[in-house]
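Laid out in structure tokens, this is it:
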């Protein structure tokens, strides 16, 4: 499968999120021949310090996916987990994720079973992380900041492999990170820009 690495500048500044660095960007692999039909959003994986933001990230991913890809049938992270638990696949899913994080390999058979239980052809896996740093401004001097990053992958149930990747990041100040509302606004913009690079869909309701 031919893939091309693209880096596009993302205008991740909005009136309510003025603290986002103008250098924020979204990088993604553009797949050849991948078409979405039915998509399930998996529960977001997050660094320990960001566990409290998993829910709002999942909600934002779902809202943006349904808005930006209206032709695709999207299952929210909450519904995905509920279905897997109801059909007895929660343990298999958890074990598959652990194996993938350790080896970088997807269990194709388990992935197909999970997708069948969810009635989807692709699954969206997102990891939320951040790193600490500092920057210098001629007016403000040195400022502590965080680099917040969303890393997304599209898992293809038929192929049993990752067919699309996207990552988006933005610098936020320590004060913005501590102000929940401001940080949530920044997350929402990052989710929008990452999801906006998803392959197009052709869902026809069948």
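Residue numbers (my numbering): -2 to 203. Glycine included, each C-beta is placed from N, C-alpha and C at the ideal position. The model shown is predicted, which means the values in this text are computed figures rather than measured ones.
query                                                                                                               : result
Under the three-state DSSP convention, the category residue 71 falls into                                           : strand
Environment of residue 85 [buried if 16+ CB atoms lie within 10 Å]                                                  : exposed
At least 3 beta-carbon pairs within less than 8 Å: the region 50 to 70 vs the region 102 to 115                     : no
Beta-bridge pairing of residue 90 - partner residues as DSSP gives them                                             : Per DSSP, none; premise fails for residue 90.
Cα-Cα separation, residue 67 to residue 197                                                                         : 10 Å
Opening and closing residue of the alpha helix (DSSP H) in which residue 66 lies                                    : Where residue 66 is concerned, there is no enclosing alpha helix (DSSP H), given that its DSSP letter is neither H nor E.
Residue span of the alpha helix (DSSP H) that contains residue 108, given as start and end                          : 105 to 115
Distance, residue 179 Cα to residue 147 Cα                                                                          : 17 Å
Range of the contiguous beta strand (DSSP E) that encloses residue 36                                               : 35 to 38
Identity of the residues DSSP links to residue 43 by a beta bridge                                                  : 125
Cβ-Cβ distance between residue 205 and residue 161 below 7 Å                                                        : Here the chain has residues from -2 to 203 only, and residue 205 is not among them.
Inter-residue Cα distance where the pair is residue 50 and residue 123                                              : 13 Å
Residue 168, DSSP secondary structure in three states                                                               : strand
Other residues of its chain near residue 92: CB distance less than 6 Å, five sequence neighbours each side excluded : none
Burial state of residue 186, where buried means 16 or more other Cβ atoms lie within 10 Å                           : buried
Sequence-distant residues of its chain with Cβ nearer than 8 Å to residue 154 (five each side left out)             : 108, 109, 111, 112, 113, 117, 118, 119 and 120
Residue nearest to residue 43 in terms of C-alpha spacing, selected from 166, 126, 184 and 188                      : 126
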